[in-house]
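Residue numbers (the UniProt record's numbering): 1 to 319. Where is the CB? At the ideal position from N, CA and C, for every residue including glycine. Notes follow the structure.
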């Protein structure tokens with residue numbers, strides 16, 4: 001059982017679930033409450049949506065390890081498939097987890113009145129399969145696909161919430177000539193941050209795994225353009241993300257009543273990112289970057305956790 005939990009990356013699944021719950025209850029609900037509007041997707045159906053996401057993600061982790069055994073051995077990572085869990089059992093687990101995710105996703109799609117939303121889960125499962133079998137071996141494609149999938153995790157919450165909101169508040173929307181697009185903007189900002197955070201994470205992993213990737217013929221970024229130029233691109237992305245965080249605060253969140261955000265962004269997001277860029281610049285071939293990866297995880301988790309700050313500000317502001 002312990003090997004199965006390691007195979008499906010339980011800590012990552014917990015972060016996925018928390019991300020979706022945080023988006024719903026600490027971003028979407030308080031923003032809707034400003035206009036005395038309530039969530040319409042039931043708590044049970046939302047929990048099923050989260051479970052669907054987790055099963056699809058778990059299936060993706062399994063199939064990724066299934067096709068990545070050789071590279072993991074060369075890069076001296078823990079190998080479970082073929083050792084603790086047989087390859088046949090791993091493939092069967094992938095199919096079972098993915099099937100459960102599709103069934104749950106189809107149910108929630110039906111409940112919100114858009115059965116075609118099940119295609120989102122088909123596409124996610126397909127992208128994870130092709131990422132493991134093909135995309136990750138192509139220049140930058142695999143990195144972009146994985147970043148896109150991770151960015152979609154918070155976005156799923158608002159996609160499945162808006163249809164029942166539109167149905168319940170149709171008359172209000174017509175009378176006021178408004179819509180719920182502003183929810184897309186709020187959650188989209190978190191998705192934007194997740195996209196670039198995961199993209200940076202993927203590129204750093206390629207940077208420190210270049211030896212094993214060369215052995216299996218993976219055309220990763222450092223394999224194509226070299227170690228030094230890859231470091232330059234990673235640092236550029238880190239600086240871009242840092243500037244974007246500051247720009248969002250200055251342009252949209254710079255309110256006199258908010259004394260928390262500038263300190264929160266500076267200490268928990270921008271400082272770790274800048275320190276990470278320094279470590280990347282100093283990185284030499286065949287060195288690990290464990291502390292740097294910890295800093296990146298801190299910044300990503302802080303970015304998602306900013307939802308708690310948003311909830312606090314909205315709860316203590318009179319509208």
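Option in the options with minimal Cα separation from residue i
i: residue 227; options: 208, 244, 259, 65; result: 208
i: residue 22; options: 85, 316, 315, 306; result: 306
i: residue 274; options: 240, 5, 261; result: 240
i: residue 184; options: 177, 210, 152; result: 152
i: residue 44; options: 190, 150, 161, 249; result: 161
i: residue 202; options: 36, 163, 247, 137; result: 137
i: residue 245; options: 102, 259, 192, 133; result: 192
i: residue 259; options: 290, 309, 230, 59; result: 309
i: residue 265; options: 256, 278, 248; result: 248
i: residue 80; options: 272, 197, 9; result: 9
i: residue 140; options: 220, 103, 154, 119; result: 220
i: residue 35; options: 180, 316, 58; result: 180
i: residue 186; options: 198, 205, 159; result: 159
i: residue 156; options: 113, 165, 117; result: 117
i: residue 288; options: 15, 3, 130, 210; result: 210
i: residue 283; options: 230, 47, 19; result: 230
i: residue 375; options: 98, 27, 311; result: The requested residue 375 is not part of the displayed model; the chain covers only 1 to 319.
i: residue 195; options: 63, 62, 60, 301; result: 301
i: residue 88; options: 106, 66, 100, 166; result: 66
Where the alpha helix (DSSP H) containing residue i begins and where it ends
i: residue 269; result: No alpha helix (DSSP H) holds residue 269; DSSP gives it neither H nor E.
i: residue 23; result: Unbroken run through residue 23: none, as it is neither H nor E.
i: residue 219; result: No alpha helix (DSSP H) holds residue 219; DSSP gives it neither H nor E.
i: residue 40; result: Taken as a continuous stretch (DSSP letters only), residue 40 belongs to no alpha helix (DSSP H), as it is neither H nor E.
i: residue 30; result: 29 to 33
i: residue 208; result: 181 to 208
i: residue 297; result: 290 to 315
i: residue 6; result: 2 to 7
i: residue 358; result: Nothing about residue 358 can be reported from this structure: the residues present for the chain run from 1 to 319 only.
Cβ neighbour criterion (16 or more within 10 Å) applied to residue i
i: residue 24; result: buried
i: residue 270; result: buried
i: residue 146; result: buried
i: residue 50; result: buried
i: residue 329; result: This structure cannot settle anything about residue 329, because the visible part of the chain is limited to 1 through 319.
i: residue 3; result: exposed
i: residue 14; result: exposed
i: residue 182; result: exposed
i: residue 133; result: exposed
i: residue 197; result: buried
i: residue 154; result: buried
DSSP bridge partner residues for residue i (one or two, in chain order)
i: residue 81; result: 85
Residue i Cβ short of 7 Å to the ligand NAD heavy atom set
i: residue 119; result: In the structure shown, the ligand NAD is absent, as is every other ligand, since no ligand is present at all.
Taking only runs of the alpha helix (DSSP H) that begin and end inside the stretch 108 to 171, which ones reach a length of at least 4 residues, in chain order?
118 to 133, 141 to 168
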